[in-house]
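In terms of my numbering, the sequence shown opens at residue 35 and continues consecutively. Glycine included, every Cβ here is placed at the ideal spot set by N, Cα and C. Keep in mind it's a predicted model, so treat the numbers as computed, not measured. Report on the structure given below.
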Amino acid sequence: MTLDLANLLQTAIQRRNQFNYENHVEISQEEGLRNEYVALSTSLAHLADLMGWYQLRQESRTVAPEELLQAYLEVIEHSFQVAAKQTWSQLIVMKPADLDKLAHKRPAKSLSQQYLSILHFVDQSFFDRQQDAFRHAWHLILKLGFVDLGFSGEQIQEAYLQN
Numbered sequence: 035m036t037l038d039l040a041n042l043l044q045t046a047i048q049r050r051n052q053f054n055y056e057n058h059v060e061i062s063q064e065e066g067l068r069n070e071y072v073a074l075s076t077s078l079a080h081l082a083d084l085m086g087w088y089q090l091r092q093e094s095r096t097v098a099p100e101e102l103l104q105a106y107l108e109v110i111e112h113s114f115q116v117a118a119k120q121t122w123s124q125l126i127v128m129k130p131a132d133l134d135k136l137a138h139k140r141p142a143k144s145l146s147q148q149y150l151s152i153l154h155f156v157d158q159s160f161f162d163r164q165q166d167a168f169r170h171a172w173h174l175i176l177k178l179g180f181v182d183l184g185f186s187g188e189q190i191q192e193a194y195l196q197n
């Protein structure tokens, strides 16, 4: 699996710094951190909404794989920004063998449980400043992309770098 998380993380940080510079964004470090957590939470909710598994009484709608991939990349992007602002970048970078293990896990029995678990760990990482909670959320996010959404590392990397 070709997914160079260190490169993608560095790209995300550079993009954010460039955006902030070009748009004269001045925000306190703590407020910036809060904003990134909100962005991560809302991007997860948007992805869940597109996937639509929880909408039991509504007709299922067809969503193009490209649209799902773009929504997933938003989750990845905000995960990178949270890690960078928390100075937890080391939690993002993973060995190829560890990524491969994640990619070969079983699909979630309950996407609702998986979604709620990710949110729980994200909240713990913010309110309790728990690195392990963020690590768990990150691993679940990667597993969601690889296994439950069926994206390859190559697809994720190529699409992320093209954005």
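How is residue i classed by DSSP in three states: helix, strand or coil?
| i | result |
| --- | --- |
| Ser186 | coil |
| Trp87 | coil |
| Asp38 | coil |
| Pro141 | coil |
| Ser62 | coil |
For residue i, tell me which candidate among the options has the shortest Cα-Cα distance.
| i | options | result |
| --- | --- | --- |
| Phe160 | His173, Ile190, Asp182, Val116 | Val116 |
| Arg140 | Phe168, Gln124, Gly179 | Gly179 |
| His173 | Lys135, Gln189, Gln196 | Lys135 |
| Ala73 | Val156, Glu100, Leu84 | Val156 |
| Asn197 | Glu101, Tyr71, Thr36 | Glu101 |
| Arg68 | Gln165, His112, Gln147, Arg49 | His112 |
| Leu133 | Ile47, Leu176, Tyr55 | Leu176 |
| Tyr149 | Ser75, Arg49, Tyr55, Met128 | Ser75 |
With residue i and residue j assumed to form a contact (beta carbons below 8 Å), what rounded beta-carbon distance in angstroms separates them?
| i | j | result |
| --- | --- | --- |
| Val181 | Ala137 | 7 Å |
| Leu183 | Ile126 | Not really, about 19 Å apart at Cβ, beyond 8 Å. |
| Tyr88 | Ser146 | 6 Å |
| Asp38 | Gln164 | At roughly 27 Å, the Cβ-Cβ gap does not stay under 8 Å, so Asp38 and Gln164 are not in contact. |
| Glu56 | Lys119 | Wrong, their Cβ atoms sit about 19 Å apart, outside the cutoff. |
Going by other Cβ atoms of all chains shown within 10 Å of its Cβ, with 16 needed for buried, is residue i buried or exposed?
| i | result |
| --- | --- |
| Phe53 | exposed |
| Tyr106 | buried |
| Gln189 | buried |
| Glu64 | exposed |
| Val59 | exposed |
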